[in-house]
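Structure first, then comments.
There are 2 protein chains.
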Amino acid sequence: MNTFQFQNPTRIIFGPGTVDTLAEQLAEYGKRVLLIYGGGSIKASGLYDQVQSQLKQAGAVVHELAGVEPNPRVSTVRKGIALCREHQLDFILAVGGGSVLDAAKAVAVGVPYEGDVWDFLTYKAEIKSALPLGTVLTLTATGSEMNGSSVITNWEENLKKAFGSIHAYPKFSILDPTWTFTVPANQTVNGIVDMMSHVFEQYFSLTSDTPLQERLCESILQTVIENGELALKQPDNYAARANLMLCGTYALNGGMISVGMQNDWASHMIEHEISAIYDIAHAEGLSILFPNWMKYVHKERIDRFVQFAVRVWNVDPAGKSDEDIALAGIQATRDYFTRIGAPASLGDLKIDGKDLERMAKETVRYGPVGSFKKLNEEDVRQILELSL
Amino acid sequence: MNTFQFQNPTRIIFGPGTVDTLAEQLAEYGKRVLLIYGGGSIKASGLYDQVQSQLKQAGAVVHELAGVEPNPRVSTVRKGIALCREHQLDFILAVGGGSVLDAAKAVAVGVPYEGDVWDFLTYKAEIKSALPLGTVLTLTATGSEMNGSSVITNWEENLKKAFGSIHAYPKFSILDPTWTFTVPANQTVNGIVDMMSHVFEQYFSLTSDTPLQERLCESILQTVIENGELALKQPDNYAARANLMLCGTYALNGGMISVGMQNDWASHMIEHEISAIYDIAHAEGLSILFPNWMKYVHKERIDRFVQFAVRVWNVDPAGKSDEDIALAGIQATRDYFTRIGAPASLGDLKIDGKDLERMAKETVRYGPVGSFKKLNEEDVRQILELSL
Numbered sequence: 001m002n003t004f005q006f007q008n009p010t011r012i013i014f015g016p017g018t019v020d021t022l023a024e025q026l027a028e029y030g031k032r033v034l035l036i037y038g039g040g041s042i043k044a045s046g047l048y049d050q051v052q053s054q055l056k057q058a059g060a061v062v063h064e065l066a067g068v069e070p071n072p073r074v075s076t077v078r079k080g081i082a083l084c085r086e087h088q089l090d091f092i093l094a095v096g097g098g099s100v101l102d103a104a105k106a107v108a109v110g111v112p113y114e115g116d117v118w119d120f121l122t123y124k125a126e127i128k129s130a131l132p133l134g135t136v137l138t139l140t141a142t143g144s145e146m147n148g149s150s151v152i153t154n155w156e157e158n159l160k161k162a163f164g165s166i167h168a169y170p171k172f173s174i175l176d177p178t179w180t181f182t183v184p185a186n187q188t189v190n191g192i193v194d195m196m197s198h199v200f201e202q203y204f205s206l207t208s209d210t211p212l213q214e215r216l217c218e219s220i221l222q223t224v225i226e227n228g229e230l231a232l233k234q235p236d237n238y239a240a241r242a243n244l245m246l247c248g249t250y251a252l253n254g255g256m257i258s259v260g261m262q263n264d265w266a267s268h269m270i271e272h273e274i275s276a277i278y279d280i281a282h283a284e285g286l287s288i289l290f291p292n293w294m295k296y297v298h299k300e301r302i303d304r305f306v307q308f309a310v311r312v313w314n315v316d317p318a319g320k321s322d323e324d325i326a327l328a329g330i331q332a333t334r335d336y337f338t339r340i341g342a343p344a345s346l347g348d349l350k351i352d353g354k355d356l357e358r359m360a361k362e363t364v365r366y367g368p369v370g371s372f373k374k375l376n377e378e379d380v381r382q383i384l385e386l387s388l
Numbered sequence: 001m002n003t004f005q006f007q008n009p010t011r012i013i014f015g016p017g018t019v020d021t022l023a024e025q026l027a028e029y030g031k032r033v034l035l036i037y038g039g040g041s042i043k044a045s046g047l048y049d050q051v052q053s054q055l056k057q058a059g060a061v062v063h064e065l066a067g068v069e070p071n072p073r074v075s076t077v078r079k080g081i082a083l084c085r086e087h088q089l090d091f092i093l094a095v096g097g098g099s100v101l102d103a104a105k106a107v108a109v110g111v112p113y114e115g116d117v118w119d120f121l122t123y124k125a126e127i128k129s130a131l132p133l134g135t136v137l138t139l140t141a142t143g144s145e146m147n148g149s150s151v152i153t154n155w156e157e158n159l160k161k162a163f164g165s166i167h168a169y170p171k172f173s174i175l176d177p178t179w180t181f182t183v184p185a186n187q188t189v190n191g192i193v194d195m196m197s198h199v200f201e202q203y204f205s206l207t208s209d210t211p212l213q214e215r216l217c218e219s220i221l222q223t224v225i226e227n228g229e230l231a232l233k234q235p236d237n238y239a240a241r242a243n244l245m246l247c248g249t250y251a252l253n254g255g256m257i258s259v260g261m262q263n264d265w266a267s268h269m270i271e272h273e274i275s276a277i278y279d280i281a282h283a284e285g286l287s288i289l290f291p292n293w294m295k296y297v298h299k300e301r302i303d304r305f306v307q308f309a310v311r312v313w314n315v316d317p318a319g320k321s322d323e324d325i326a327l328a329g330i331q332a333t334r335d336y337f338t339r340i341g342a343p344a345s346l347g348d349l350k351i352d353g354k355d356l357e358r359m360a361k362e363t364v365r366y367g368p369v370g371s372f373k374k375l376n377e378e379d380v381r382q383i384l385e386l387s388l
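Going down the list, the protein sequences come from chains A and P. Mapping of the first sequence onto the UniProt record's numbering: position 18 corresponds to residue 18, and the numbering continues sequentially without gaps. Mapping of the second sequence onto the UniProt record's numbering: position 71 corresponds to residue 71, and the numbering continues sequentially without gaps.
Below is the structure:
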């Protein structure tokens, strides 16, 4: 186990009807609110009205930034920052999924910064403060509700980059699994792939002597695997939706499940280069890439892949070589993704190999990626080729 | 899963040499410090000097409350409160194990309260604020380093009571496993029993649909079981000590592993009545009581005890009845405690049955205890009798 610091100050309020606590949560903060949301789904579901009613109860002055897109754009973030400055807003309320929350975080850190918010995504400036942020989560996936990370896309430059800061943790996040009952199946699938991928990035690590962390990761994976299929079959099964929602939050909440472990994140970085060019869902890219990444790197530490196969996928090790067990676990991952309807190749999304060299090159723009196996441009190219 | 709120704002700094970050951690707080510690062990180990050197580097004015006892006393807490008021101190630094940290929390919440701190332990007053508190942990056991709970004993009244408050969470806790190398074997044993008991109180729950939380609990138990014996055999095995330390922290950090689950805590409440009369270590009482509590209540939810036996103790279920599997898991718990040297009966500690009625009566002073099975006075008496 490596030396580490861990802190996660976000308060989560979890359960049916918890949106009714919003006014109470807002009481300790400013009353000039920027309400950020995505498409019209929160209006169709009635959540928008409930949130507005709570804001009214809190006596808030509300301005809106609507229409945040999947893979949220820096141009949208800049609009939010301008609104906050123009109307002297002092609190951000994000209602939506990971994209809305990520955009809200970027607005929150951007407002008190005198330069352009994109500087934070390109390591040109350090985040020193932020407006306070609260969230109401409508989609189980990214863990953004309980971490300080955000991923933003710059379409002018075809770049998708991430930042993380203790200042960007939401002050509170309201998680009501019943709002996820109406999430379309394909988005539920994406959420499942997303949270499993977050665990993979932490679990496949060269750091030794981390038995608790490994088990915490396996606990989430097993629970997602069981409840993911159940939620797809029974979209309004509260237990399944609640279990998934908790898994999504714990899978990526400031590193709680992988404290003291070196994380990898190469697959995420490769995926960002795919979805920076093609407007596909992040999780679609991950579903395609991850089993191929696993195949490419598994020999670096075969014991972790053997453990993964046996503990997470119940692969029977009897009479099998380590290599066979490891490959069976990787195949089980691919099969699960396919079974729930996630794509297995770039071809499935009608993406051919023409941008492959460019994506590989951009992935390693700041140097090799990953830590389980450090990947250079040629490694990335090969993983992308396996993914065609 | 029940509706819940969860927040744990404590920053943990974990690893060898992290005491050297103390001055840096102190930078954001006041400079008038009450340093709280227990017996002389931190002076013998050299930790005291290191802490003083960091305090000097931070430019702090330091007053001391030394000699905090195991089962810390409200009389000691009152001394600390008086020191803070007399010298207008604005930060508490606790260096020690759970007792020192618990005393420090009581001082922290007591200073800004105009009444007597004991009011918080007897539900006569609500905690509304506290002095900021930092800790350096020297003993793996109670999880006090990352929660808002404290247990305080009042010898005048033979009462041992607990409080919990979001205001009592340490601002930061420094956890360096190397300082636990020299912890005597019996205290290491107590720590192991303590953290396992904390998990038991959460894991044995009637709340349904909590598969992630159950696995998180099992993850900690399995890791403690493996690393506890290793740490006893090799007291300076860093990995074993670090794994135990992380388990202790995660086992009781504001309920992270059991969010949305009703907890039990009956065994702790019974134990408090034993150690309020006899000055035994809390964990000794728990080691005696817990397997007896398990035997007494296991029929309430046999499936959880079957799962416990199979997943945590690797009991082979083939050809066994649920009852047999459950009992095998309970016996495995008792055997493990015995194997590491923890007591199995009150008789082992030369305690006879003379105060049994009084302890049973006091346990239910505020009504029946526990939730897995609600225990009335007669139930408690029977569990105590099983423990003679």
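Note that CB positions come from ideal geometry on N, CA and C, so glycine has one too. The structure presented is a predicted model; accordingly, all values stated were derived computationally and were not measured.
Scanning Val62/P, Val189/P, Thr182/P for the CA closest to the CA of alanine 44/P turns up Thr182/P. Our two residues, alanine 106/A and methionine 196/A, have alpha carbons roughly 25 Å apart in a direct line. For the pair proline 9/A and lysine 31/A, the Cα-to-Cα distance works out to about 21 Å.
Note: arginine 73/P is bridge-paired with Thr153/P in the DSSP secondary-structure output.
Within the DSSP bridge table, the entry for glutamate 64/A names Leu35/A as partners. Residue pairing of phenylalanine 91/A in beta bridges, as defined by DSSP: Val33/A.
Runs of alpha helix (DSSP H) with 4 or more residues, each lying fully within the stretch 164-244 of chain P, are found at 185-203, 211-233, listed in chain order. Secondary-structure assignment with DSSP links isoleucine 13/A through a beta bridge to Ile174/A, Gln5/P. When the five nearest sequence neighbours on each side are left out, the beta carbons in the same chain lying within less than 8 Å of the beta carbon of alanine 130/P are those of Lys105, Ala108, Val109, Val111, Pro112, Ser165, His167, Ala168, in order along the chain. Straight across, the Cα-Cα distance linking isoleucine 383/P with serine 345/P is about 11 Å.
Residues of the same chain with a CB within less than 7 Å of the CB of leucine 133/A, apart from the 5 flanking positions on each side, are Ile92, Ala94, Ala104, Lys105, Ala108, Pro170, Lys171 in chain order. At a Cβ-Cβ threshold of 8 Å, phenylalanine 163/A and glycine 15/P do not count as neighbours.
The stretch 229-246 of chain P makes no contact with the stretch 273-292 of chain A, as fewer than three CB pairs between them are under 8 Å. Inclusion of glutamate 271/A and alanine 342/A in the CB contact set at 8 Å is not warranted, their separation being larger than that value.
Note that the C-beta distance between glycine 191/P and leucine 232/P is not below 8 Å. The three-state reading of DSSP puts lysine 160/A in strand, counting E and B together.
Linking valine 369/P to isoleucine 340/P through their CA atoms gives a straight-line distance of about 29 Å. For the set Ser258/A, Glu357/A, Asp236/A, the Cα lying nearest the Cα of threonine 210/A is the one of Ser258/A. At a beta-carbon threshold of 7 Å, the residues of chain A lying near threonine 223/P are Pro211, Leu212, Arg215, ordered along the chain. Non-local C-beta neighbours of glutamate 28/P in its own chain, meaning closer than 6 Å and more than five positions away in sequence, are absent. Scanning its chain for C-beta atoms nearer than 7 Å, with the 5 sequence neighbours on each side dropped, one finds around alanine 360/P the residues Glu377, Val380, Arg381, Leu384, in chain order. Identification of residues in the stretch 247-274 of chain P having a C-beta nearer than 8 Å to some C-beta of chain A yields Cys247, Tyr250, Met256, Val259, Gly260, given in sequence order. Threonine 135/A: member of the beta strand (DSSP E) spanning 133-137, first to last residue. Using a CB distance below 8 Å, no part of the stretch 126-159 of chain A faces chain P.
With contacts defined by Cβ atoms closer than 8 Å, threonine 178/P and tyrosine 238/P form a contacting pair. Contact note: glutamate 226/A reaches chain P through Pro211, using a C-beta cutoff of 9 Å and chain order. The beta-carbon of phenylalanine 6/P is placed less than 8 Å from the nearest beta-carbon of chain A. For glycine 15/P, the closest Cβ of chain A is nearer than 8 Å. In the three-state reduction of the DSSP assignment, valine 259/A falls in the coil class, being assigned neither a helical nor a strand state. Residues of the same chain with a CB within less than 8 Å of the CB of glycine 254/P, apart from the 5 flanking positions on each side, are Phe6, Gln7, Asn8, Met146, Asn147, Gly148, Tyr169 in chain order.
In terms of beta-carbon proximity, asparagine 243/P lines the interface with chain A, with at least one pair separated by less than 8 Å.
Residues of chain A with a Cβ closer than 8 Å to the Cβ of proline 170/P do not exist, since the nearest Cβ in that chain sits about 11 Å away.
Against chain P, the CB of methionine 294/A has no partner CB under 8 Å away; the residue lies outside that interface. For the pair valine 68/P and arginine 358/P, the Cα-to-Cα distance works out to about 27 Å.
Under the 8 Å criterion on CB atoms, methionine 1/P is classed as interfacial with respect to chain A.
Only buried fits serine 99/P, as 16 or more other CB atoms lie within 10 angstroms of its CB.
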